[in-house]
Amino acid sequence: MAWIRSPAVTLVMVSLLFVCAYSYEGKVGGKMEIRDVKTNEEVQELGRFSVEEYNRSLKQRQSLRQKIGGGLRFTEVVEAQRQVVSGINYYLKISATQNGVTKMFESEVVVKPWVQSKKLLNFGPSSSSKIINI
C-alpha cells in the first residue's frame, strides 16, 4: 500500500488522466468534425448567416453581381467542423440555390460568444479553390 502514496505513482496517474482527457476532446487549435449537422440548430443558423452575409456583400458590389448572377438561397449545412482558437472557427459546407440550381459552397465563420459577435471570413464555391474574402 505504500506504493500508492508514492509521488511517482501519483504523477503517472495524473499524466494518464490528462492524456485521456486530451484525446477525448481533441487538440486545442485542431479541427473537429461536428456530428448531426442537419439537426444542429446553431450550425444551420451559421450557414444561413453565411449566405445572408455573402448576399449582402454581393449587393455592395453591383458589377460583380452581374458577372456571378443572382443571390443565393440557403438550403442547409451538410458538413461542419469547428476549431477553438481566439474564438470558435466554423468551417461549413453549405448547400444553396443560385438561379434555380443547387450548388455547394464553403464558408468560414468566426464566433466570439463572450462579445456576442460572429463574422464571415471566407465564402466561395466548394469545387473551386478560389474563396471570396469578405
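The sequence shown runs -23 to -1, 1 to 111 under mature numbering (1 follows the signal peptide of the UniProt record, and there is no 0). Just so it is clear, CB atoms sit at the ideal spot from N, CA and C, and this is done for glycine as well.
| Item | Value |
| --- | --- |
| Where VAL62 falls, given that 16 or more other Cβ within 10 Å makes a residue buried | exposed |
| Burial state of GLU19, where buried means 16 or more other Cβ atoms lie within 10 Å | exposed |
| Buried or exposed (CB count within 10 angstroms, at least 16 for buried), ARG12 | exposed |
| Residue span of the alpha helix (DSSP H) that contains VAL28, given as start and end | 18 to 37 |
| Identity of the residue in LYS70, THR74 and ILE65 nearest PRO90 by Cα | ILE65 |
| Delimiting residues of the beta strand (DSSP E) encompassing GLN65 | Inspection of the sequence shows that residue 65 is occupied by Ile rather than by Gln. Per DSSP, ILE65 belongs to the beta strand (DSSP E) from 64 to 75. |
| Proximity test, ILE11 beta-carbon vs the ligand FMN heavy atom, cut-off 6 Å | Absence of the ligand FMN is noted for the structure shown, with no ligands found whatsoever. |
| Neighbour-count burial assignment, VAL78, 16 or more Cβ in a 10 Å radius | exposed |
| Residue-level contact to chain B via CB, GLU56, 7 Å cutoff | Note that chain B does not occur in the displayed structure, where there is just one protein chain. |
| Reduced DSSP category for PRO102 - H, G, I as helix; E, B as strand; rest coil | strand |
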